[in-house]
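Taking the numbering used here as reference, the numbering of the sequence shown is continuous, increasing by one, and the terminal residue is 133.
For glycine and all other residues, C-beta sits at the position ideal for the given N, C-alpha and C.
Being a predicted model, the structure only gives us computed values, none of them experimental.
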Amino acid sequence: MEWMILPFKRYADFAGRSRRKEYWMFFLLNLIIYVVLMGATGGFGMMTDPMAAASGAGGFSMAVLLYALIVFIPALAVQVRRFHDQDKSGWFVLLNFIPFVGALIVIVFMCLEGTRGANRFGDDPKAEEVAA
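Here's what the structure looks like:
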């Protein structure tokens, strides 16, 4: 659970490095919360019933939008730190804006292992955990 909430503790910290575990656990937490919000507000029905979506039935848009706004900065920061862990610039986040393939490229980068040892963005987060 600690890995899931660590990005919230480092809310707007774009410096340093983050492990794959931190990124993917945060991703999993967000996925679970989105599914719960959509289920609680009837968002899944809106996806299958176009008339419900057009009328704005349920509180889907407000609840999901509010959570998305809350989690936007920590999600961006943890993604930048993942790129830093691979000794890449945080500007690689802009790959997300490439239509169709950009998100796939970023997913591949998020799955890659970080550089071992210190790099220009800081010490290896795995080495810190082993030493502790």
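1. Once DSSP output is grouped into helix, strand and coil, what is the label at residue 115?
2. Between which residues of its own chain and residue 120 is the CB-CB distance below 6 Å, once the five residues before and five after are set aside?
3. What does the Cβ neighbour count give for residue 82, buried or exposed, with the cut at 16 atoms within 10 Å?
4. Could you check the C-alpha separation between residue 111 and residue 11 for me, to the nearest Å?
5. By how many angstroms is the C-alpha of residue 113 removed from the C-alpha of residue 34?
6. Going by beta-carbon coordinates alone, are residue 24 and residue 79 separated by less than 8 Å?
7. With residue 42 and residue 64 assumed to form a contact (beta carbons below 8 Å), what rounded beta-carbon distance in angstroms separates them?
8. Check residue 123 in the structure and name its three-state DSSP category.
9. For residue 75, collect the residues of the same chain with a Cβ closer than 8 Å to its Cβ; drop the 5 residues on either side in sequence, then sort them by chain order.
10. What is the DSSP secondary structure of residue 80, counted as helix, strand or coil?
11. Which class does residue 1 belong to by DSSP, given the choice of helix, strand or coil?
12. Using the Cα positions of residue 124 and residue 115, report the straight-line distance between them to the nearest angstrom.
13. Rounded to whole angstroms, what is the Cα-Cα separation between residue 18 and residue 62?
In terms of the structure at hand:
1. By 1-based counting over the sequence shown, the position of residue 115 is 114. The answer is coil: DSSP assigns residue 115 none of H, G, I, E or B.
2. Translated into positions along the sequence shown, residue 120 becomes position 119. Here the set comprises 88.
3. Taking the sequence shown and counting its residues from 1, the one referred to as residue 82 is at position 81. Counting Cβ neighbours within 10 Å, residue 82 comes out buried, since at least 16 surround it.
4. Counting from 1 along the sequence shown, the entry for residue 111 is found at position 110. Counting from 1 along the sequence shown, the entry for residue 11 is found at position 10. Those two C-alpha atoms are separated by around 18 Å.
5. Mapped onto the sequence shown, residue 34 falls at position 33. Mapped onto the sequence shown, residue 113 falls at position 112. Answer to the nearest angstrom: the Cα atoms are 25 Å apart.
6. To locate residue 24, count along the sequence shown from 1; it is residue 23. To locate residue 79, count along the sequence shown from 1; it is residue 78. Closer than 8 Å, so yes.
7. Residue mapping note: residue 42 aligns to position 41 of the sequence shown, counting from 1. Residue mapping note: residue 64 aligns to position 63 of the sequence shown, counting from 1. Yes, they are in contact, since the Cβ atoms of residue 42 and residue 64 sit about 5 Å apart, within 8 Å.
8. The count along the sequence shown starts at 1 and reaches residue 123 at position 122. Here residue 123 sits in strand by DSSP.
9. The residue labelled residue 75 in the question sits at position 74 within the sequence shown. Excluding sequence neighbours, residue 75 sits near 8, 9, 11, 12, 13 and 27.
10. In the sequence shown, the residue the question calls residue 80 occupies position 79. In the structure shown, residue 80 sits in a helix (DSSP, three-state: H, G or I).
11. Given that the chain is displayed from residue 2 to residue 133, the structure contains no residue 1 and the question cannot be resolved.
12. Along the sequence shown, read from residue 1 onward, the residue named residue 124 stands at position 123. Along the sequence shown, read from residue 1 onward, the residue named residue 115 stands at position 114. Going from the Cα of residue 124 to the Cα of residue 115 covers about 11 Å.
13. Position 17 of the sequence shown, counted from the first residue, corresponds to residue 18. Position 61 of the sequence shown, counted from the first residue, corresponds to residue 62. Distance between the alpha carbons of residue 18 and residue 62 is about 33 Å.
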